[in-house]
Amino acid sequence: MPDIKITPLGAGQDVGRSCILLSMGGKNIMLDCGMHMGYNDERRFPDFSYIVPEGPITSQIDCVIISHFHLDHCGALPYMSEMVGYTGPIYMTHPTKAIAPILLEDMRKVAVERKGESNFFTSQMIKDCIKKVTAVTLHQSVMVDNELEIKAYYAGHVLGAAMFWIRVGSQSVVYTGDYNMTPDRHLGAAWIDKCRPDLLITESTYATTIRDSKRCRERDFLKKVHECVEKGGKVLIPVFALGRAQELCILLETYWERMNLKYPVYFALGLTEKANNYYKMFITWTNQKIRKTFVQRNMFDFKHIKPFDKSYIDNPGAMVVFATPGMLHAGLSLNIFKKWAPYEQNMVIMPGFCVQGTVGHKILNGAKKVEFENRQVVEVKMAVEYMSFSAHADAKGIMQLIQYCEPKNVLLVHGEAQKMEFLKDKIEKEFKINCYMPANGETCTINTPTKIPIDVSLRLLKAEAVRYNAQPPDPKRRRVVNGILCVRDNRLSLLDIDEMCDEIGINRHIIRFTSTVRFEDPGPSVKTAEKLKTLLSEKLEGWTITISEANISVESVLIKVEGEEDSTKNIYVSWTNQDEDLGSYILGLLQSMVQ
Amino acid sequence: MKLYCLSNDAAKPCFVLSFKELLIMLDCGLSAHSVLNFLPLPPVPSTRLASLPNYTPPHLNDPLLEGELKECCGRVFVDSIPEFCPPLDKVVDFSQLDVILISNYTCMMALPFITEDTGFKGQVYATEPTLQIGRFYLEELAEWVSGGAGGAGAARRWKELLHVLPAPLALAARPRSWRRLFSAAALSRALARVRVVGYDERVDVYGALDATAVSSGFCLGSANWVLRSAHEKVAYVSGSSTLTTHPRPINQAALRGADVLVLAALTQTPAHNPDHMLGDLCVHATVTLRAGGSVLCPVYPSGVLYDLLECLSAHLDTAGLAGVPLYVVSPVADSSLAYSNILAEWVSVGKQARVYLPEEPFPHAALVRAGRLKHARSLHDDAFSADFRQPCVVFCGHPSLRFGAAVHLVELWASNPAHAIIFTEPDFPYLDALAPFQPLAMKAFHCPIDTSLNYSQANKLVRELRPRELALPEQYAAAPGGAAPRPHIAADVPTVLLRRGAARALGARRSMARATLSGALAARVAPRDVRAGLRAAPIQAALRVRDRRVSLDVAPPAAPGAPRAQAPRLDCSAPDVDALVHALGREGLPDARVERSSDGCIVHLPRHDTLVHVERHATHVFCQGDAAVRQALRRAIAACLPHV
């Protein structure tokens, strides 16, 4: 049995640093190449030495597939391609290819310039890396080489997020990356056809959550923001430059307009305009509504939301600020947090998931004091709110996706072990399929049934179809073909025996057996033959029996009745060697009839 | 495999391929040449057109014909709502079509004629830009045709009297099959049926074959279709271009080695090089503008228009005419201009690189922002009229000059020799288009820009693609004997020529179908060498056909007692008689007597009353009913027969 082997180098029972090795049919594929936001040491990147301890990595990996532009999915790519030395093909969608380098550069700046880290990739490396990327479009089937085919499906998680279907020979795998099964204000829902893969590798960030309706969450969010600014408080919303930020901006923009609010809303990143431009260019990747109305009004031209300047931090009065990065682990959002945290009237809203080790994670877990690298301690008095706006599928969504694509096995990644455990049980119970959840560095082997392509002679199939269709319809009836299997140049074909003889240019040697049964039956021999036919028709259901005068034939079995009228008849039964079963059965039938 | 041709116009093709019990329509082009026989429909009533004299054929007094025909400068026009020439509907029953594959937006205009009110139940596939831009074309056409003033309703009588009418009306092809344009409702229903595909996406067509759209380099989203089953491949090449313009370049690799290559929609102006024409256009426009005249370009709302805007604006900048406004007038102008800039995945690599910056792939967005390029739904838009300045360049439809804003502008500017009209769309002969506006003082230039393959490019392509068979509209073949030679497609492969209404059988024959063999069954067979490089084994398999996919698995055991058919045995030569006698002895059947004759021998087993005739191609065993003896005989024969 051929196997599919999966080894997570990251995201195995963990969130962050997604990097999964997949090998099947002699091909090795790396799914995502992310970095961990919670670490500042070498644990930040996947352990590429696992693939090959020393020497070139390119020969060990046939291709790298990046599902979307979040750094926990693509952050280690320049490291891998420029510093580890991978030179093979890299695939991602067009928007990912456009946006990923900007986020990478952003992160690089934070890491090198603010934290002063060395041994990090350079700007040039990011550019060189992105040059090597092959961009794919949705549903395009890309042949990486003669045997390896990949195809992207819409995943909805962020702009350009894709799920990938990967096929080698008859084996196929779907890797979801991060996805979202409910359409939001700017993106559509993930979609996949019934591709019945051998294995579905799905994220499970919200494995146990079933989120309340989107509308309630939005109303909650708006209410909290409104209440806070009304009291003169400042609202900090840490976001990533692209993705949730745009959805929340659309939400606030429409609310501000409807309620005619005048409190300033700032979007604090140099990227704003650029980021929104990407959304304008790739509007085909957003949801139907935005696509339909973009000619009249582009949703990404905001009226109420202004760019932020650092000097505004100490401005008095209410304001709402969107600041990067989203997990409060560095950068501007952290700076603002430090300033605003000690005041009760302020509020921070975490609209997404926070990786362990980040300030975001700490305050969400109720930390009232946060200590920083330079021994600075900040008291957290501001209100801390968590609103799950990250566009991940919840438990219901994951089950839905499984239902859509009907996999034969499921493997969970990108989630926390306990939650995975729960979902695993649920999947195994509900769908009766195997579910796996390997930890990082643990290899999971999945057996798949062998399916070998074979060419079948149409003559054989048509003959079978004629026989099958001649019988009354019965969906349970077994259909059987008999033929000769030929193996030539490693290619299989199934031929009709005569075709086979033609093919190899030999005359067939036919072996026939003939036996005689004596039967006392006065009357003309034709009458006797008819009696026999009635008998045979009763006993041989599903066989075509033909009669002409005193000759009856069933497949290659011939029955001939001879003899004068009013005397003993000789019944000759003759059959070819291959129909021994049928021949001996009929002979036995006649013999028992005679006695 | 059979191919039907339903269209007269090779540039607006419509074929139906019957293959594997499927009917697949390839394109549904609408020929609009017929509209040239009609009087223009001006957007605002025109006194000149209304006062044209009636025409009555000599020696004929038919009151029903009254008012149907008008004369202008010696040519006769029908005064009626213009009619179009849809694909032939009598050859193939449209309700039986399984799939319609559309190659590009210029070849889908007849879609509502095929899918609406015909009982059509199949699927329609096109790329996203094809659907969107096709929608712009169709909506514009529908709006122009329905929005025209004048047009005295439906003239019909003239169709009965063709024989007494002067040319070119007398030469009109089958005017009785001409149809009025569909309603807006039918149009939106038809477009709602279209399923969007991407390039290189494999579309499964009822399990029988895969259809893939591959880039054809002609316009945004233009595609050639490759139909592939495990053993057959048909390539449909329609509207392709090997030139470098704004769309993604042609993907030739996917078309190679087809069993059948169907070639359609080559260039309509083989004598004109599109690059030179673009240069000429810029020169003519500059000269006219310098002299204070305005330029009118009758164009479609998308396609070459984008290249024209890009080149002309750049050219005018260098010529010191950067202040000249450019106008695009069309009900879909805003959508078309906006839409072209979000199709990053469908444009050439150079344009795509701009998106990563991020900037719009086409410069016309920047022109719009700078106020240089303005667009309007129609000429009488308030904003547009307030803003209108001459000299200027106006791009508007329709290229036939029979409806749309262009009709009004030609009427307006016809008498002023300073103005110029420049024809760029290749679909209509420009003199015919201008005929109802004669006498004309404004300058008329013909700079057709058709980027589809010309004949030498097409011949080169065919040579490179190496199809086993070629199918063409007959217009593309060499001129029949005696006629003046014309550029044509010459290939050294069997070529099938098609004309409207024709059905031709194609050479591809199917002999094999692809199935999958389960591992369990494969493990049970032990193929033996038949000869070098060929191994074979008899096999019996359970056959499962689901969604037309065939799989073979281990056959379940037979119900006890009932016989079943066995896998065939292939014995290649007669048994060696000495070995047979020996084997019979081993099986407990001794005392065989052998009689040799010229054509074989007879082995006689007197004790069991059994005869074995061994001949070259057959062995015949006559035995009594004793099953044990027979089994022994079988074993003995099997032991000394070389077989598979």
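Heads up: the sequence lines are chains A and B, in that order. Residue 929 is where the first sequence starts when you use my numbering, and the numbers rise one by one after that. Residue 59 is where the second sequence starts when you use my numbering, and the numbers rise one by one after that. No residue lacks a Cβ here, since even glycine has one placed at the ideal position from N, Cα and C.
Can you tell which of the options has its C-alpha closest to the C-alpha of residue i?
i	options	result
proline 1366(A)	Gly944(A), Asp931(A), Ile948(A) and Pro930(A)	Ile948(A)
histidine 117(B)	Val222(B), Glu186(B), Trp471(B) and Ile158(B)	Val222(B)
tyrosine 1396(A)	Glu1185(A), Leu1115(A) and Val1409(A)	Val1409(A)
aspartate 508(B)	His466(B), Tyr358(B) and Ala563(B)	Tyr358(B)
leucine 1127(A)	Leu1517(A), Thr1214(A), Ala1393(A) and Val1096(A)	Val1096(A)
leucine 324(B)	His433(B), Asp485(B) and Ala343(B)	Asp485(B)
cysteine 165(B)	Asp85(B), Glu201(B) and Ser204(B)	Asp85(B)
proline 487(B)	Gln326(B), Ser393(B) and His678(B)	Gln326(B)
glycine 337(B)	Ala329(B), Leu370(B) and Gly315(B)	Leu370(B)
arginine 654(B)	Lys148(B), Arg674(B), His504(B) and Ala225(B)	Arg674(B)
alanine 424(B)	Arg412(B), Val588(B) and Arg435(B)	Arg412(B)
serine 1443(A)	Asp1402(A), Leu950(A) and Lys1488(A)	Lys1488(A)
alanine 549(B)	Gly540(B), Gly539(B) and Gln515(B)	Gln515(B)
Can you name the start and end residues of the alpha helix (DSSP H) that residue i belongs to?
i	result
serine 371(B)	362-376
phenylalanine 1265(A)	1259-1268
isoleucine 1361(A)	Element bounds for isoleucine 1361(A): n/a, residue is neither H nor E.
arginine 693(B)	685-697
Do residue j and residue i count as a contact pair if the criterion is CB distance below 8 Å?
i	j	result
isoleucine 993(A)	leucine 959(A)	yes
asparagine 162(B)	serine 280(B)	yes
alanine 581(B)	alanine 600(B)	no
proline 145(B)	cysteine 72(B)	yes
serine 360(B)	proline 307(B)	no
alanine 1311(A)	methionine 1275(A)	yes
proline 525(B)	valine 551(B)	yes
glycine 962(A)	glycine 1003(A)	yes
proline 100(B)	glutamate 469(B)	yes
leucine 1340(A)	threonine 1130(A)	yes
proline 328(B)	proline 98(B)	no
Got a sec, what are the start and stop residues for the beta strand (DSSP E) residue i sits in?
i	result
glycine 1411(A)	1408-1416
asparagine 282(B)	281-286
asparagine 1314(A)	The question names asparagine, but residue 1314(A) in the sequence shown is tyrosine. Note, tyrosine 1314(A): beta strand (DSSP E), 1311-1314.
lysine 432(B)	431-434
glutamine 598(B)	592-604
aspartate 587(B)	586-589
Using a Cβ-Cβ cut-off of 7 Å (strictly less than) and excluding sequence neighbours within five positions of residue i, which residues of its own chain qualify?
i	result
glutamate 1427(A)	Ser1385 and Arg1387
isoleucine 1382(A)	Leu1420, Ser1421 and Leu1422
alanine 685(B)	none
cysteine 698(B)	Pro633, Asp634, Ala637, Leu638 and Ala641
arginine 693(B)	Glu645
leucine 564(B)	Met59, Lys60, Leu61, Val318, Glu527, Ala529 and Val554
leucine 262(B)	The amino acid at residue 262(B) is misidentified as leucine; the sequence shows aspartate. Excluding positions up to five away in sequence, the list reads Asp268.
Should residue i be counted as a contact of the ligand PLP given a C-beta to heavy atom distance under 7 Å?
i	result
leucine 1031(A)	For the ligand PLP, the structure offers nothing, since it holds no ligand at all.
So, at 6 Å on beta carbons, what are the nonlocal neighbours of residue i in its own chain, with the 5 sequence-adjacent residues on each side left out?
i	result
tyrosine 414(B)	none
valine 252(B)	Val182, Ala184 and Leu189
Using C-beta distances below 8 Å, list every residue in its chain close to residue i, excluding the 5 sequence neighbours before and after it, in chain order.
i	result
alanine 349(B)	Ala476
Touching by the beta-carbon criterion (3+ pairs, under 8 Å), the segment 1308-1324 of chain A and the segment 1264-1281 of chain A:
yes
Give a yes or no on contact between the segment 82-98 of chain B and the segment 560-570 of chain B, applying the rule of three or more CB pairs nearer than 8 Å.
no
Counting Cβ pairs, one atom from each stretch, are 3 or more of them under 8 Å apart for the segment 1181-1189 of chain A and the segment 1081-1101 of chain A?
no
Across the segment 1059-1073 of chain A and the segment 246-258 of chain B, are there enough close Cβ pairs to call them in contact, namely three or more that are closer than 8 Å?
yes
Are at least three pairs of beta-carbons, each pair with one atom in the segment 186-199 of chain B and one in the segment 389-408 of chain B, less than 8 Å apart?
yes
Does the count of Cβ pairs from the segment 1494-1514 of chain A and the segment 1436-1453 of chain A closer than 8 Å reach three?
yes
Are there three or more Cβ pairs, one per stretch, closer than 8 Å when the segment 1324-1332 of chain A is compared with the segment 1108-1125 of chain A?
yes
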